[in-house]
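Be aware that the sequence shown starts at 2, since it is given in the working numbering, and climbs by one per residue.
Backbone N, C-alpha and C define an ideal beta-carbon position, used for all residues, glycine too.
As the structure is a prediction and not an experimental result, all values here were calculated from the model.
The structure under discussion appears below in the form of C-alpha cells.
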Amino acid sequence: MKRWAAWTLALVLATPAAGCTWRETKQDFRDTKNSLLGTDPTTRRLYEEDDSSIIELNYKAADKLHATLRGSLPAGSPISMERFANDADPSDKAPFGRVVAGQVAARLAQTGHRISAKAPAPAGRQVVSQNATAVEEEKNPPRPSVLAGSYVLAGDVILVHARVVTVDDDTELAAYDWTLPVNKSTRELLPQLKQGGFTPSVKNAF
Numbered sequence: 002m003k004r005w006a007a008w009t010l011a012l013v014l015a016t017p018a019a020g021c022t023w024r025e026t027k028q029d030f031r032d033t034k035n036s037l038l039g040t041d042p043t044t045r046r047l048y049e050e051d052d053s054s055i056i057e058l059n060y061k062a063a064d065k066l067h068a069t070l071r072g073s074l075p076a077g078s079p080i081s082m083e084r085f086a087n088d089a090d091p092s093d094k095a096p097f098g099r100v101v102a103g104q105v106a107a108r109l110a111q112t113g114h115r116i117s118a119k120a121p122a123p124a125g126r127q128v129v130s131q132n133a134t135a136v137e138e139e140k141n142p143p144r145p146s147v148l149a150g151s152y153v154l155a156g157d158v159i160l161v162h163a164r165v166v167t168v169d170d171d172t173e174l175a176a177y178d179w180t181l182p183v184n185k186s187t188r189e190l191l192p193q194l195k196q197g198g199f200t201p202s203v204k205n206a207f
C-alpha cells in the first residue's frame with residue numbers, strides 16, 4: 002500500500018504543468034523517482050570550475066613585482082629566470098613551473114626589464130665611456146638578479162610565490178604571492194591533477 006502511494010505521488014508531481022515541455026516533464030519525473038527510491042547519483046558537481054586565464058593572473062603578479070623593482074633595481078640590470086619549483090616535490094618536472102616562470106618573465110620584459118637567458122654574473126667594475134648613460138651606470142651600476150619561485154597544490158587552487166633576488170648578496174628585492182585555479186589549463190600543465198575532477202563518477206540510468 003505504501004509503495005502504491007509513493008508511485009501515485011510521483012505521478013501527480015510529474016503531471017505536465019502549463020508551459021512545460023515533455024522533456025522538462027520527463028526530467029522532473031526522473032528526479033522525483035530518484036529521490037523517492039534513493040537512486041540519486043552518488044557524486045555531484047560541487048561548484049562551477051574557475052576558468053580564469055592563468056596568463057592574465059601571472060601578468061598581474063609580474064606587474065606587482067615590477068612596481069617594487071622600480072625603486073630598488075637599477076635600470077638595465079639583467080634578470081635571469083629559473084623554473085618555479087614544486088615545494089612539496091622539488092623533483093617535479095611538470096611544465097607548470099616553466100610556463101608560469103616564463104609568463105612572469107615575459108611580462109617583466111614588456112615593462113622594460115632586461116631578461117637574460119643566461120645566469121648573470123655578479124656585477125663587477127664597469128668600463129665607463131663619456132656619455133650620460135655610462136656616467137649614470139657608474140653612479141648606480143646594474144645589479145644582476147634572478148627571478149625564482151615556487152608553488153604548492155592546495156585543493157582547488159595552486160599557491161604561487163615569486164621573488165627577485167640579487168646575485169651578489171642574495172638580497173630579496175621584490176616578492177609576491179598569488180593563487181591560480183585548478184581548471185582545464187592548469188591540469189594540462191600538471192599531469193598529477195588529471196586524476197581529479199568535479200564531474201559525477203557514478204550515474205544511475207533511468
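Listed in chain order, the non-local C-beta contacts of ALA95 below 8 Å within the same chain comprise ASN87, LEU190, LEU191, PRO192 and GLN193, local neighbours out to five positions each way being set aside. From the listed residues LEU154, MET82 and PRO91, the smallest Cα separation to LEU109 is found for MET82.
When beta bridges are read from the DSSP output, ARG164 appears opposite ALA149 and ALA176. By the 16-neighbour rule on beta-carbons within 10 angstroms, ARG71 is exposed. For ALA155 and ASP178, the gap between their C-alpha atoms comes out near 14 Å. Taking each of VAL153, ASP51, ARG164 and ARG144 in turn and checking the Cα distance to PHE97, the smallest one comes out for VAL153.
Residue state for PRO192 is assigned as helix, using DSSP reduced to three classes. Boundaries of the alpha helix (DSSP H) harbouring PRO96: 96-111, taken from the DSSP string. Beta bridge pairing from DSSP links ILE80 with ILE116 and SER146. In terms of Cβ geometry, SER73 and LEU174 form a close pair [threshold 9 Å].
Considering only VAL165, ASP170, LYS185 and SER151, the residue with the shortest C-alpha distance to ASP90 is SER151. Under the three-state reduction of DSSP output, ASN87 falls in the strand class.
For LEU70, the enclosing alpha helix (DSSP H) stretches over residues 55-70.
Bridge pairing for LEU181: ILE159 [DSSP]. Per the C-alpha coordinates, the member of LEU66, ALA76 and ILE80 positioned closest to PRO142 is ALA76.
Rounded to whole angstroms, the separation of the alpha carbons of ASN184 and SER53 is 8 Å.
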